[in-house]
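In our numbering, the protein residues as written are 7 to 84.
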């Protein structure tokens, strides 16, 4: 396994451990593209849905920083 793959695996393990221990996956820079894969586990389904609803209410056309954290889903309930 190359060094990049090993580093990505280690990073994933750190994120999963932080969530399992009740910690956070964010710091001073927020979630963003790098950490968004762990957002569902970190927030849980109810809070994630709330985030999607807020995003769709404020950005119905999906033009505010598209794909950075939440994917645009025009069919999601508003």
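Just so it is clear, CB atoms sit at the ideal spot from N, CA and C, and this is done for glycine as well.
All values derive from a computational prediction rather than experimental measurement.
- Counting along the chain, the unbroken alpha helix (DSSP H) around residue 52 starts and ends at 51-64.
- In the structure shown, the three-state DSSP call for residue 10 is helix.
- Here DSSP, grouped into helix, strand and coil, assigns residue 24 to helix.
- When the Cα atoms are used, residue 58 and residue 11 turn out to be separated by approximately 31 Å.
- DSSP, reduced to helix, strand and coil, places residue 72 outside both helices and strands of the structure shown, so it counts as coil.
- Bounds of any alpha helix (DSSP H) do not take in residue 82, whose DSSP letter is neither H nor E.
- Judged by DSSP in its simplified three-state form, residue 67 adopts coil rather than helix or strand.
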